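Under the UniProt record's numbering, the first residue of the sequence shown carries the number 1, and numbering increases by one thereafter. From the three backbone atoms N, C-alpha and C, an ideal C-beta is built for every residue, glycine too. In this text the structure is predicted, and so the values were computed from the model without any measurement.
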Amino acid sequence: MSKIQDAVVDMYEQLPVPYGLVRFGVAPDHPEVKNCQDKFEEVAESARFNYIGNIKVGYDVELAQMKPHYDAILFSYGASEDRKLGIPGEHRPGVFSAREFVGWYNGLPEFQDLAPDLEAGDQAVVIGQGNVALDIARILLTPVEILRRTDITEQAIQALSRSKVKSVKVVGRRGPLQAAFTVKEARELMHIPNVAFESIDPSFYPPDIKKLPRVQKRIAEVLLKGSNDALENSQRSWGLSFLKAPKSLNASTSSEQLSSITFAHQAFASDADPFSRSAAVVPIEETSTIPASLAFRSVGYKSTALPGLSELGIPFDTKLGIIANDPYGRVMSPAEGPGDLTAGHVPGIYCAGWVKRGPTGVIASTMEDAFTSADVIAQDWESGVPFLNSPKNENSTSGLGWDGLKHEVIKKGARPISWADWKRIDQKEKGRGQKVGKEREKFSSVEEMLKAGVVG
Ligand SMILES: Cc1cc2nc3c(=O)[nH]c(=O)nc-3n(C[C@H](O)[C@H](O)[C@H](O)COP(=O)(O)OP(=O)(O)OC[C@H]3O[C@@H](n4cnc5c(N)ncnc54)[C@H](O)[C@@H]3O)c2cc1C
Ligand SMILES: NC(=O)c1ccc[n+]([C@@H]2O[C@H](COP(=O)([O-])OP(=O)(O)OC[C@H]3O[C@@H](n4cnc5c(N)ncnc54)[C@H](OP(=O)(O)O)[C@@H]3O)[C@@H](O)[C@H]2O)c1
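Here it is as structure tokens:
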């Protein structure tokens with residue numbers, strides 16, 4: 001908006017409330033991370049920005065319906081699915097995806113009926129070793145008195161206060177030098193009161209860890225030093241287990257409920273440097289089975305195609321789970337004819353965020369990436385390349401944006417939420433939170449959100 005004079009931006013959001021994973025992904029005990037909302041607020045205050053909440057693009061409003069009313073459309077709808085393991089038992093009771101569990105404790109309406117049974121046993125296993133895996137381990141192990149002061153849902157607090165989980169194992173298919181988590185998150189787990197760390201085998205590291213690249217060296221120091229509390233004096237513990245790929249999620253003979261997990265052991269490939277970040281592993285004969293009453297699949301999120309993309313000539317790469325784009329966010333389509341040389345920009349179509357880059361990256365890097373996409377739109381506009389309204393596309397734009405659509409969309413039964421409506425929801429959540437000594441008590445159903453958005 002600052003780079004194109006008079007540009008108006010309509011932002012569609014499927015939920016009544018904004019902020020995506022910042023609200024529904026970022027762990028509740030990391031409130032400082034949510035400061036990026038301030039930047040958002042600043043933009044939203046502009047008279048040239050419209051927030052259109054509670055409208056799901058591709059469902060409540062079709063892309064083909066939108067196209068005549070805009071010069072450009074930027075897709076930034078994140079990753080609303082997760083990667084599957086493709087192993088037996090993945091759907092049995094007691095097995096959850098990280099996305100479901102994180103959404104549950106953060107108040108995402110879709111997962112409020114998840115009802116994870118935290119009383120079923122004392123060992124939980126997290127499969128995958130990224131930062132989301134460590135978030136889950138931390139939420140399961142942190143004393144409820146600490147979590148209670150955050151914006152975690154009351155429902156999650158109730159369940160966590162009854163939890164019988166005493167040990168959390170975070171299992172990776174490669175080694176500690178290949179794990180995806182970062183040092184800050186590992187260190188935090190080491191400092192949870194009354195939680196011990198099960199020490200790791202130092203042979204995973206070279207004799208002199210000082211020679212490791214800085215990032216790996218710092219993680220190695222934290223893991224080798226371990227926790228403040230010793231195992232024998234602690235009520236709870238966590239551990240990292242390496243070179244184990246999940247093979248099956250098993251139930252006991254008497255019920256369908258998860259009772260154990262079998263792992264196929266891995267070894268570094270013969271031509272791999274085991275101290276390299278990218279070292280590959282291969283399966284070996286050995287397997288092992290560990291008891292588990294809860295398992296969390298934390299192996300990454302996944303973006304999917306929105307209905308109507310292909311009608312607009314927008315290619316979705318199902319393998320990478322992204323909208324095909326040049327590195328700057330221009331959506332690229334292989335034009336007629338063979339080979340990449342004929343690939344061209346789909347006029348007026350751009351992308352940003354996880355649907356552009358894949359489901360990795362922290363908020364800072366995602367924002368940087370989005371700024372690049374925005375700069376590219378401004379550059380293209382300045383340089384006069386075709387947009388959606390180009391006569392070359394045999395198409396013209398009404399220029400009305402949401403104003404040209406809302407009548408029809410509302411007539412179909414949708415109930416859009418404005419920024420002012422959201423601010424009312426926000427105030428009410430903060431008010432509810434204040435009563436119980438927390439930043440906010442989120443509304444966790446769409447109905448409650450809509451009700452709170454009404455004036456009065
Ligand atoms: C569990 C978890 C914890 C994280 N914690 C941190 C952290 O502590 N620090 C950090 O820096 N990064 C963290 N990240 C990473 C960070 O959240 C992401 O980098 C960032 O949110 C990605 O932004 P995005 O806009 O691509 O996707 P999202 O944040 O997911 O935003 C996409 C938005 O699109 C909406 N949407 C989807 N489909 C439609 C549709 N059809 N119509 C309309 N709207 C739609 C969604 O509701 C959502 O609001 C975390 C990620 C996860 C998964
Ligand atoms: N506090 C924070 O800053 C914070 C918190 C949460 C999330 N985030 C960010 O959000 C992004 C997403 O995090 P994420 O944890 O979902 O993803 P991630 O960082 O990509 O980690 C995924 C993990 O799953 C493993 N994995 C993938 N497929 C597997 C399979 N089939 N079997 C076993 N293991 C498998 C990966 O191992 P391989 O390496 O072997 O593939 C990796 O350990 C990351 O960029 C992360 O840093 C940041």
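Residues of the same chain with a CB within less than 8 Å of the CB of ASP6, apart from the 5 flanking positions on each side, are ARG48 in chain order.
In the DSSP assignment, SER241 falls within the unbroken beta strand (DSSP E) covering 236 to 241. Looking at the DSSP output, MET332 sits in a beta bridge with HIS345. For ALA305, the Cβ stays outside the 8 Å cut-off from all heavy atoms of ligand 1.
Per DSSP, the beta-bridge partners of THR287 are ALA264. Counting of Cβ neighbours within 10 angstroms places THR153 among the buried residues, the total reaching 16 or more.
Contact between GLY103 and GLU110 holds: CB atoms are separated by about 6 Å, below the 8 Å threshold. Taking C-beta separations shorter than 6 Å and ignoring five residues to either side along the sequence, the partners of SER252 in its chain run SER259, following chain order. Following the DSSP letters along the chain, one finds ILE410 inside the alpha helix (DSSP H) bounded by residues 406 to 411.
Taking a 10 Å sphere around the C-beta of GLY431, we find fewer than 16 other C-beta atoms and assign the residue as exposed. Residue state for GLY358 is assigned as coil, using DSSP reduced to three classes. Between the stretch 298 to 317 and the stretch 269 to 282, the count of Cβ pairs shorter than 8 Å is below three; the stretches do not touch. The C-beta distance from TRP419 to ASP10 rounds to 11 Å, too long to fall under 8 Å, and the pair is not in contact. In the three-state reduction of the DSSP assignment, LYS217 falls in the helix class, which pools H, G and I. Proximity of the stretch 86 to 98 to the stretch 236 to 251 meets the contact definition, three or more beta-carbon pairs being nearer than 8 Å. Cβ-Cβ separation between ILE425 and PHE443: approximately 7 Å, consistent with a contact (criterion under 8 Å).
Shortest gap from the CB of GLU100 to any heavy atom of ligand 2: 8 Å or more.
ILE363 has its CB nearer than 8 Å to a heavy atom of ligand 1.
Judged by DSSP in its simplified three-state form, LEU189 adopts helix. GLU13 counts as buried, since no fewer than 16 other beta carbons sit within 10 angstroms of its beta carbon. Secondary structure note for VAL376: its alpha helix (DSSP H) is the uninterrupted segment 363 to 383.
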